[in-house]
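Worksheet for the structure shown next.
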């Protein structure tokens, strides 16, 4: 079998090199632009939108159809450009800070957002006026993370409430009931049983993303930074969190995964093969299951996260993408109104769930069973349990991790050095975190 | 008057070199001076620059990540020198030999990878050296019962992967330089040596090698620069500028991280100036020792 796969790989590689040599794509990027707003009239205003997630364009396409129907005098055509994550953020930062070449509307990921708010001249438009009508319906912490000095600069797609996704097929084989996993100790015992009975791991030890660190800190009401925004990554809470994870790794409960974290191509392949029995990820990870792990349909159940002690908050909002309006756009006011409509209105939040499978920040929809339990919805069909049953159960426990000036640096050092040192090279937790603290302070000097 | 001016033997040379001078000033000298000034500033796009003296340089000296990037770039550069000078030379001699069959086929096969985009080649190599059991290298090693290796999480393995990529791409190009060098060697030398009873090895050592020196010096010079300036290969191999524990971070990668990703243009400029100094020192030393600055003897 191995011989055959090696042979197939070699032949594929040879063919691919010939094909790619012939094509000679000089830039090698996956950039593509397409125009949305097919129902817009000839006098429609043409706006441009940059994103790094193809699905976001799909959502805006639906919202644009509705907007153009409802606003015949303010119709829009939207030129959507999808670029790879780093590429898009780098280009956007250069474009908005230099004042040349920026799109009218753009998606900025939470981890990159503080870079755009640095200094006195924020190159983004304040969205306060278009936010006002929705102020009481949305989760405030999901707006604060995109704000500076009382000015709101971005609207998120989702709350990103962290949930536990369990592969019930593997758990049943191991004789584990996921509903009885309440604490991390329960999770550990369940993982030991899963490994002994099936040889599979219950979870992942992430080396290229800080989701696990974030959720374990939030459960202890702690953060990566102090109240002044200074880094404190070697805090007792962080040490406790990582020592627990290392203990889980030593007991074969969790294991490093190709790609470094569940939201990568390689890792999704591992999940599809059934090599890992749970993912502790934000709610938006549901869209990855439905779109990229189709083999697992009907096998996964959703539950609250395990906690250190009963009574700890069981979730934290993780990840996020703020849609912004840049300062040099053609029609800034129109862009602002459309972004608010596309992200915060009742219609928008319904579509955010229907199309993207996200937990929208306008919480009115969370209580609307007609939307959240619609049997036609592919997210409802995919999972064994309904996401909103769990989301409504934990909705008052969703913590927030601050995104401040130091956050991109902390994320960079954690995701390149610290997590690899701990989980791949077995470095002592305290020592690795002390080194991370020193490296972050040095970089921020 | 104009005719006299244009036809003047004194003026004409200046007119001919003017385009070069202009290009040199616009694309080399001016950016260099500007970078040098920026390296003494705290500068971000969209914000006013602040003069901070040599602070960027003193911070760089204690910056461990920067030192890692220098180490990676220098090791990579030395690796490319060791692999991409002797082997292409050897291949060129082999292909140039009259006994060689299918010469043109080998020439184009070796050269083909140079036409492939780095982005595509890097991506293919990333998949080849993936840590999954089914990746090309691991399934090959699996034939011999070797457990899967996490190639791109280990400093030595990932450097080896980068060097294999460099060899795959550049062997053909360097071989062509050597082939053109070989063409300029007069055949009479070899004939004379044959009459004197010299062996093939003696001919290679006493005739080919010394007469190919200018080519070797040229290839060394561009390899030093290319090795130190490598960035895209690493970016593609690690799927971004974030290799685990910075094992694939190069000097230019660090410049990009600071200047483009972090918008710290002053600090990035200081990194660039240090890269320039390192490249100049190595190349000038190499040129000095290879006697390139000596006047040719009559």
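Chains as they are written, first to last, in my numbering: chain A, 1 to 445; chain B, 1001 to 1298. Note that beta-carbon positions come from the ideal geometry of N, C-alpha and C, so glycine has one too.
Asked, Found
"Which of the three DSSP states, helix, strand or coil, is assigned to residue 1290 of chain B?", "coil"
"Between residue 234 of chain A and chain B, is the shortest Cβ-Cβ distance under 8 Å, so that the two count as touching?", "no"
"Any idea what DSSP makes of residue 1313 of chain B, helix, strand or coil?", "Coverage of chain B is limited to positions 1001 through 1298, which leaves residue 1313 of chain B absent and any answer about it impossible."
"Going by the beta-carbon positions, is the gap between residue 1271 of chain B and residue 1182 of chain B smaller than 8 Å?", "no"
"Once DSSP output is grouped into helix, strand and coil, what is the label at residue 158 of chain A?", "coil"
"Rounded to whole angstroms, what is the Cα-Cα separation between residue 433 of chain A and residue 190 of chain A?", "28 Å"
"Tell me, please, whether the CB atom of residue 1009 of chain B is closer than 8 Å to any CB atom in chain A?", "no"
"Which residue or residues does DSSP assign as beta-bridge partners of residue 1042 of chain B?", "B/1050"
"With a CB to CB cut of under 7 Å and the five nearest residues on each side skipped, what residues in its chain are close to residue 22 of chain A?", "Annotation note: pLDDT 37 at residue 22 of chain A (below 50); position unreliable, coordinate value reported separately. Within the same chain, residue 22 of chain A has no close Cβ partners at all."
"Counting pairs of beta carbons, one from the stretch 57-73 of chain A and one from the stretch 272-287 of chain A, are three or more of them closer than 8 Å?", "no"
"With a cut-off of 8 Å on the beta carbons, I'd call residue 1179 of chain B and residue 1095 of chain B a contact; round off their distance for me.", "7 Å"
"Just checking, does the stretch 1044-1053 of chain B make contact with the stretch 1253-1265 of chain B on the three C-beta pairs under 8 Å criterion?", "yes"
"Between which two residues does the beta strand (DSSP E) harbouring residue 107 of chain A extend?", "105-109"
"Using the three-state DSSP reduction, which class does residue 1233 of chain B fall into: helix, strand or coil?", "helix"
"Comparing the C-beta of residue 442 of chain A with each C-beta of chain B, is any distance below 8 Å?", "yes"
"Relative to the alpha-carbon of residue 396 of chain A, which residue among A/130, A/44, A/162 has its alpha-carbon at the smallest distance?", "A/162"
"When we look at the beta-carbon of residue 1186 of chain B and count the other beta-carbons within 10 Å, is it buried (16 or more) or exposed?", "exposed"
"Provide the residue span of the beta strand (DSSP E) that contains residue 300 of chain A, from first to last.", "300-303"
"Report the partner residues of residue 35 of chain A according to the DSSP bridge assignment.", "A/79"
"Using a Cβ cut-off of 7 Å, pull out every chain B residue sitting near residue 447 of chain A, in sequence order please.", "Outside the shown range of chain A (1 to 445) lies residue 447 of chain A, about which nothing can therefore be said."
"How about residue 1209 of chain B: is its C-beta nearer than 8 Å to some C-beta of chain A?", "no"
"Using a cut-off of 9 Å between C-beta atoms, extract the partners of residue 115 of chain A located in chain B.", "1261, 1262, 1263"
"In the DSSP assignment, what are the bridge partners of residue 152 of chain A?", "A/147"
"Applying the 10 Å Cβ sphere with the 16-neighbour rule, what's the burial state of residue 124 of chain A?", "buried"
"Based on the DSSP secondary-structure assignment, which residues constitute the bridge partners of residue 371 of chain A?", "None, per the DSSP bridge assignment."
"Taking three-plus beta-carbon pairs below 8 Å as touching, is the stretch 110-120 of chain A in contact with the stretch 53-67 of chain A?", "no"
"For the alpha helix (DSSP H) that residue 1159 of chain B lies in, which residues bound it at each end?", "1155-1183"
"Locate the beta strand (DSSP E) running through residue 1141 of chain B, then write down its first and last residues.", "Taken as a continuous stretch (DSSP letters only), residue 1141 of chain B belongs to no beta strand (DSSP E), being part of the alpha helix (DSSP H) at 1136-1142."
"Below 7 Å on C-beta distance, what does residue 191 of chain A contact in chain B?", "Near residue 191 of chain A there are no residues of chain B at all, since even the closest Cβ is about 22 Å away, more than 7 Å."
"What three-state label does DSSP hand residue 353 of chain A in the structure shown?", "helix"
"Report the neighbours of residue 1131 of chain B on chain A: residues whose CB is nearer than 7 Å to its CB, in chain order.", "258"
"Shortest alpha-carbon distance to residue 34 of chain A belongs to which of A/43, A/244, A/61?", "A/61"
"Closer than 8 Å between beta carbons: that is the criterion. Which residues of the stretch 39-65 of chain A meet it against chain B?", "none"
"Beta strand (DSSP E) containing residue 325 of chain A: first to last residue?", "321-325"
"On the three-pair Cβ rule with 8 Å, is the stretch 1130-1140 of chain B touching the stretch 1149-1161 of chain B?", "yes"
"Just grab the DSSP bridge partners of residue 46 of chain A for me.", "A/77"
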